[in-house]
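Trainee: If you count by the numbering used here, then the sequence shown holds residues 18 to 284, one letter each, in order.
Think of the CB as a built atom: it goes at the ideal place given N, C-alpha and C, for glycine as much as any other residue.
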Amino acid sequence: MSWPAPADGAAAAPVAKHAARVAAAEAYAKACIAGHDSSHDWWHIERVRNSAAALARQEGLQLAEQQLAELAALLHDVADHKYSSAPEADRARLAAFLAGDLGLSEPEQGAVLYVIDSMGFNAELARQQTQQQAQQHEQHGNACTQEQGPGQAAWEAARQRMLAVVQDADRLDAIGAVGVARCLTFGGRFGRVLHDPAVPPRDGLTQEQYIDKSAAARQTTINHFHEKLIKLKGLMRTEAGRAAAEGRHAFMEAFLKQFHAEWRGEA
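#1: Which whole-angstrom value describes the C-beta separation of T237 and A181, a residue pair presumed to lie in contact below a C-beta threshold of 8 Å?
#2: Could you tell me if K274 is buried or exposed, where buried requires 16 or more neighbouring beta carbons within 10 angstroms of its beta carbon?
#3: Assuming contact is defined by CB atoms lying nearer than 8 Å, are R66 and D190 in contact in what I supplied?
#4: Ignore the nearest five residues each way along the sequence and tell me which others in M18's own chain have a CB closer than 6 Å to its CB.
#5: Are the CB atoms of A42 and L85 within a distance shorter than 8 Å?
#6: Closer than 8 Å is the cut-off here; do at least three beta carbon pairs connect the region 107 to 122 with the region 28 to 46?
#7: Can you tell me which of R209, S68, N139 and L111 puts its alpha carbon nearest to the alpha carbon of V129?
#8: So what's S231 in DSSP terms, helix, strand or just coil?
#9: Are the Cβ atoms of A234 and R199 separated by less than 8 Å?
#10: Rounded to whole angstroms, what is the Cα-Cα separation between R206 and L72?
#11: Here's a check: name, in chain order, each residue in its chain whose Cβ is nearer than 7 Å to the Cβ of F114, leaving out the five neighbours to either side.
#12: Near A116, which residues of its chain fall below 7 Å by C-beta distance, leaving aside the five closest residues on each side in sequence?
#13: With a cut-off of 8 Å on the beta carbons, I'd call H57 and D97 a contact; round off their distance for me.
#14: Taking 8 Å as the cut-off, decide whether the C-beta atoms of A257 and Q75 are in contact.
#15: For A261, collect the residues of the same chain with a Cβ closer than 7 Å to its Cβ; drop the 5 residues on either side in sequence, then sort them by chain order.
#16: Can you tell me whether S68 is buried or exposed? The criterion is at least 16 other CB atoms within 10 Å of its CB, across all chains shown.
#17: Straight-line CA distance for F171 to D185?
#18: Apart from the five residues just before and just after F272, which ones in its own chain have a Cβ nearer than 8 Å to its Cβ?
#19: Which same chain residues end up closer than 6 Å to L88 when comparing Cβ atoms and leaving out the 5 residues on each side of it in sequence?
#20: Would DSSP call P104 helix, strand or coil?
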């Protein structure tokens, strides 16, 4: 759905009003993820919220943008396709919650939903596929551009800033020591084989392959590092996020090196 841009950008909510919205979002998220394992539990959301807030301050987001980013961070897993049997219905309930319970304006609702819809790795794969198609069109002289008015362009820039900090925060929680622990927990939760040298990681993973639960079940936990987690450092969108990712990525690489050495009986 396309949402209108606010005439003068989003206005920050009064402190008490935002605090009430945060409390409602926390309660809603906790209810929605009650059945999740500890790789995607409340503590994951809390870490993402805290990291997003820190990144937002470091990146100089306006207060209104920080508030909407916090709501998106709190609610980003309530309709997760990995756990939900009806993600579209869950997303519709989330949209109703934003409009009704939180009382967000249409542009604010659109911003929060845009961040949530765009931040996952499946959305990243879709973006890459679309980008490749656009490049092919350009090579054949079929490029098309859509002009935006000043207000629309400014609002789009704000949405991208909000997406960047929440997306980077979520990606940071997927790498490093916490990321290793979460990956192993997730694999165990869904009964995946830990490692099988006869099952190589998939190259050129598409969005369709990534969200196919039956195909994912045939993959191994260690392959998830190579198919996704090792790639996240190169996908970070903020300067602060890229700096934070360096040490976490190095830890993950060291873990994989040690794991494979032990697997082969060489360590």
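Mentor: In this structure, then:
#1: Going by Cβ atoms, the distance from T237 to A181 rounds to 31 Å, so no, they are not a contact pair.
#2: exposed
#3: no
#4: Confidence at M18 is low in this model, with a pLDDT of 41, below 50, so the placement of that residue is unreliable and no value is reported for it.
#5: no
#6: yes
#7: L111
#8: helix
#9: no
#10: 30 Å
#11: Y45
#12: Q126
#13: 7 Å
#14: yes
#15: L189
#16: buried
#17: Rather than Phe, the amino acid found at residue 171 in this sequence is Ala. About 21 Å.
#18: V197
#19: A42 and V129
#20: helix
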